[in-house]
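Chemist: Which chain is which? The protein sequence lines are S and H, in order.
Just so it is clear: in the first sequence, position 80 is 61 by the numbering used here, and no numbers are missing.
Just so it is clear: in the second sequence, position 68 is 123 by the numbering used here, and no numbers are missing.
One structure, pasted below without further comment.
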Amino acid sequence: EAGVAQSPRYKIIEKRQSVAFWCNPISGHATLYWYQQILGQGPKLLIQFQNNGVVDDSQLPKDRFSAERLKGVDSTLKIQPAKLEDSAVYLCASSSLFRGDQETQYFGPGTRLLVL
Amino acid sequence: DAKTTQPNSMESNEEEPVHLPCNHSTISGTDYIHWYRQLPSQGPEYVIHGLTSNVNNRMASLAIAEDRKSSTLILHRATLRDAAVYYCILRDVRTNAGKSTFGDGTTLTVKP
Chain S
-18 EAGVAQSPRY KIIEKRQSVA FWCNPISGHA TLYWYQQILG QGPKLLIQFQ NNGVVDDSQL
42 PKDRFSAERL KGVDSTLKIQ PAKLEDSAVY LCASSSLFRG DQETQYFGPG TRLLVL
Chain H
56 DAKTTQPNSM ESNEEEPVHL PCNHSTISGT DYIHWYRQLP SQGPEYVIHG LTSNVNNRMA
116 SLAIAEDRKS STLILHRATL RDAAVYYCIL RDVRTNAGKS TFGDGTTLTV KP
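As structure tokens, then:
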């Protein structure tokens, strides 16, 4: 079974530029998560999708971050314009069940973003 | 949201057992305790989860206190490949509830 795919793996941009990350979850997984992980910290949830609907985006900085999951499969996360503090690893995860007693999240390798 | 507290770092010798503690004093009755670990330069991976009873799988064991306010992840024989950051998180059993609040985890160093 293929895992969660993310691209690109690395991205370097200058502040105020735009950037987009792509995630392809495990086939059949209805729930998709985007996390931001700053160096030395644990992952912080940005947005959670159930199929193509947003379940939780309370921690997404909506003035500059946006995400979509068209057709309930692939997802893209965009930052426009980027700030220095956006430098982090962006992790995508998926799960087949969104229930705390059964859910296992499968993470992709992440995209490492450096904003100069 | 209920939060978890873990020590910043722990050390272990190779082939010895490791006990990684987690405090979750504000846990609710519908919260499951999940453990993930993150190897260097990789995304987190699932380790184990439980509600009230102790749990075992091929990777580890999970010991849950009777009052559920703390839990311990047990690696029975640490190997160098177990060096990672270990996260204890709470996930609500109810559908459409709960955030994956990871915290900063415990960095486990395994010495040969």
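Glycine included, each C-beta is placed from N, C-alpha and C at the ideal position.
Are there 16 or more other CB atoms within 10 angstroms of the CB of H104 (chain H), so buried, or fewer, so exposed?
Modeler: Here residue 104 (chain H) refers to the residue found at position 49 of the second sequence. Flag for H104 (chain H) reads buried.
Chemist: Could you tell me whether any Cβ in chain S is nearer than 7 Å to the Cβ of Y142 (chain H)?
Modeler: Within the second sequence, the letter at position 87 stands for residue 142 (chain H). Y142 (chain H) counts as touching chain S.
Chemist: Using a Cβ-Cβ cut-off of 7 Å (strictly less than) and excluding sequence neighbours within five positions of L94 (chain H), which residues of its own chain qualify?
Modeler: Counting from 1 along the second sequence, the entry for residue 94 (chain H) is found at position 39. Once the five neighbours on either side are set aside, the close Cβ partners of L94 (chain H) are A139.
Chemist: Buried or exposed for L117 (chain H), please, with buried defined as at least 16 other CB atoms from any protein chain shown within 10 angstroms of its CB.
Modeler: For the purposes of this step, residue 117 (chain H) is taken as residue 62 along the second sequence, with counting starting at 1. With 16 or more other Cβ atoms within 10 Å, it is buried.
Chemist: For P6 (chain S), would you say it is in contact with chain H, using Cβ-to-Cβ distances shorter than 7 Å as the test?
Modeler: Indexing the first sequence from 1 puts residue 6 (chain S) at position 25. Not closer than 7 Å to any Cβ of chain H, the Cβ of P6 (chain S) fails to qualify, so no.
Chemist: Is the CB of G105 (chain H) under 7 Å away from at least one CB in chain S?
Modeler: Taking the first residue of the second sequence as position 1, residue 105 (chain H) is located at position 50. By this cut-off, G105 (chain H) is not an interface position.
Chemist: Given that a residue counts as buried once 16 or more other Cβ atoms are within 10 Å of its Cβ, and exposed if not, what is D67 (chain S)?
Modeler: Stepping through the first sequence from its first residue, residue 67 (chain S) is reached at position 86. Buried.
Chemist: Once you ignore the five residues that flank G(-16) (chain S) on each side, which residues in its own chain have a CB closer than 8 Å to its CB?
Modeler: Here residue -16 (chain S) refers to the residue found at position 3 when the first sequence is read from its first residue. Within the same chain, G(-16) (chain S) has close Cβ partners I7, Y87 and G89.
Chemist: Just tell me which of H:K58, H:E100 and H:T134 has its CA closest to the CA of S83 (chain H).
Modeler: For the purposes of this step, residue 83 (chain H) is identified with residue 28 of the second sequence, where counting begins at 1. Comparing Cα-Cα distances from S83 (chain H) to each of H:K58, H:E100 and H:T134, the minimum goes to H:K58.
Chemist: In angstroms, rounded to a whole number, what distance separates the CA positions of E66 (chain H) and G34 (chain S)?
Modeler: By one-based count along the second sequence, residue 66 (chain H) stands at place 11. By one-based count along the first sequence, residue 34 (chain S) stands at place 53. If I take the Cα positions, the gap works out to 43 Å.
Chemist: By how many angstroms is the C-alpha of D159 (chain H) removed from the C-alpha of N78 (chain H)?
Modeler: Counting from 1 along the second sequence, the entry for residue 78 (chain H) is found at position 23. Counting from 1 along the second sequence, the entry for residue 159 (chain H) is found at position 104. Going by the C-alpha atoms only, they are around 13 Å apart.
Chemist: So G91 (chain S) contacts chain H; which residues on that side make the cut at Cβ distance below 7 Å?
Modeler: Position 110 of the first sequence holds residue 91 (chain S). Here the neighbours are G98.
Chemist: Please classify Q61 (chain S) as buried or exposed, where buried requires at least 16 neighbouring CB atoms within 10 angstroms.
Modeler: Here residue 61 (chain S) is taken as the residue at index 80 of the first sequence, counted from 1. Q61 (chain S) should be labelled exposed.
Chemist: So for L128 (chain H), helix, strand or coil by DSSP?
Modeler: As a position in the second sequence, residue 128 (chain H) is number 73, starting the count at 1. DSSP places L128 (chain H) in strand when its eight states are reduced to three.
Chemist: Taking the alpha-carbon of Y142 (chain H) as reference, which of H:A120, H:S126, H:S108 and H:V110 has the nearest alpha-carbon?
Modeler: Counting from 1 along the second sequence, the entry for residue 142 (chain H) is found at position 87. Of the candidates H:A120, H:S126, H:S108 and H:V110, the one whose C-alpha sits nearest the C-alpha of Y142 (chain H) is H:S126.
Chemist: To the nearest whole angstrom, what separates the beta carbons of L13 (chain S) and C73 (chain S), a pair I think is in contact under 8 Å?
Modeler: Residue numbering aside, residue 13 (chain S) sits at position 32 when the first sequence is read from its first letter. Residue numbering aside, residue 73 (chain S) sits at position 92 when the first sequence is read from its first letter. Contact flag correct, Cβ pair sits at about 7 Å.
Chemist: Might you give, ordered along the chain, the residues of its own chain that have their beta carbon closer than 6 Å to the beta carbon of N112 (chain H), omitting 5 neighbours on each side?
Modeler: Taking the first residue of the second sequence as 1, we reach residue 112 (chain H) at position 57. Result list for N112 (chain H): I103, in chain order.
Chemist: Measuring only the C-alpha atoms, how far is T162 (chain H) from S64 (chain H)?
Modeler: In the second sequence, the residue the question calls residue 162 (chain H) occupies position 107. In the second sequence, the residue the question calls residue 64 (chain H) occupies position 9. Looking at the two C-alpha atoms, the distance is approximately 5 Å.
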